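All remarks here apply to the structure that follows.
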Amino acid sequence: MKIQTVIHPSSVIEAGAKIGEGVRIGPFCHISADAVLGDRVELVSHISVMGATTIGASTKVYPMATLGAPPQNNKHKGGRTTLVVGENCTIREGVTMHVGTDSSRGETTIGDNGNFLAYAHIAHDCIVGKNATFANQATLGGHCEIGDNVYIGGLSA
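Numbered according to the working numbering, the sequence shown spans residues 6 to 162.
Here you go:
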């Protein structure tokens, strides 16, 4: 049985974006032409999915998150780079995840079942393993590698 996809009329989906079955896109979202949303992805509201970003099935993204923004790296020359978010992730309010750089891996990778709490930041070219949890305001600079089942606290002393 095919699950209906629902897109709020205030959201902008650029031509070329690939939207899976059962996707729910709430109000005021913007999805780039190179984005891929897997089946049952839910974008609650006010979310930007930029560049070549793939979001895995059953991932839920909360308001004001920005996924796939250009890297904050002066070596990046603007080439096509990617962000790949695994399946069944939770991405809470204000989270930012950037694409990779063309001077390094070219991809930022997030494993399945990740839990990213409010205002977490994953920078360019990072690799985050499966079942990772990033507490509120936990951040990674570029090129970090985090294994499976890791918990990172935010604003730690």
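Cβ coordinates follow ideal geometry from the N, Cα and C atoms, glycine included.
Note that the coordinates shown come from a computational prediction; the quantities given were computed from them, not determined experimentally.
Query raised in the report: Taking the C-alpha atoms as reference points, what is the distance between Ile132 and Gly105?
Result: 10 Å
inquiry  = Taking DSSP's pairing of strands, which residues face Ala57 in a bridge?
reply    = Thr87
*asked:* What ranges does the beta strand (DSSP E) occupy inside the segment 102-138, keeping only unbroken runs of at least 3 residues that lie completely in it?
replied: 112-115
I need the DSSP call for Ile11, collapsed to helix, strand or coil. Correcting the residue type first, residue 11 is Val in the shown sequence and not Ile. Strand, per DSSP.
Three-state secondary structure (DSSP) of Leu42
strand
Hey, how far is the Cα of Ala162 from the Cα of Ala140? Below a pLDDT of 50, predicted positions are generally treated as unreliable, and Ala162, at 42, falls in that range; the measurement from the model is reported next regardless. If I take the Cα positions, the gap works out to 14 Å.
Tell me the DSSP secondary structure of Ile30 in three-state form.
strand
### Query
Three or more C-beta pairs closer than 8 Å, one from the segment 92-108 and one from the segment 57-68: is that the case here?
yes
Practice item. Identify whether Thr64 lies in helix, strand or coil by the three-state DSSP scheme. Key: coil
Open item on the list: Run through the DSSP bridge pairs and tell me what Val17 is partnered with.
Closed with: His35
*By the 10 Å Cβ neighbour count, where 16 or more other Cβ atoms means buried, how is Asn154 classified, buried or exposed?*
exposed
Thinking just about the alpha-carbon of each residue, which of Asp117, Gly56, Thr113, Ile24 is nearest to the one in Leu145?
-> Thr113
Using the rule of at least 16 other Cβ atoms within 10 Å of the residue's Cβ for burial, across every protein chain shown, is Ile8 buried or exposed? exposed
In DSSP terms, what Ala74 is bridged to: His103
Query raised in the report: Between His35 and Ser16, what straight-line distance do the alpha-carbon atoms span, to the nearest angstrom?
Result: 6 Å
*Counterpart residues of Leu160 in DSSP-defined beta bridges*: According to DSSP, which records beta bridges pairwise, Leu160 is partnered with nothing at all.
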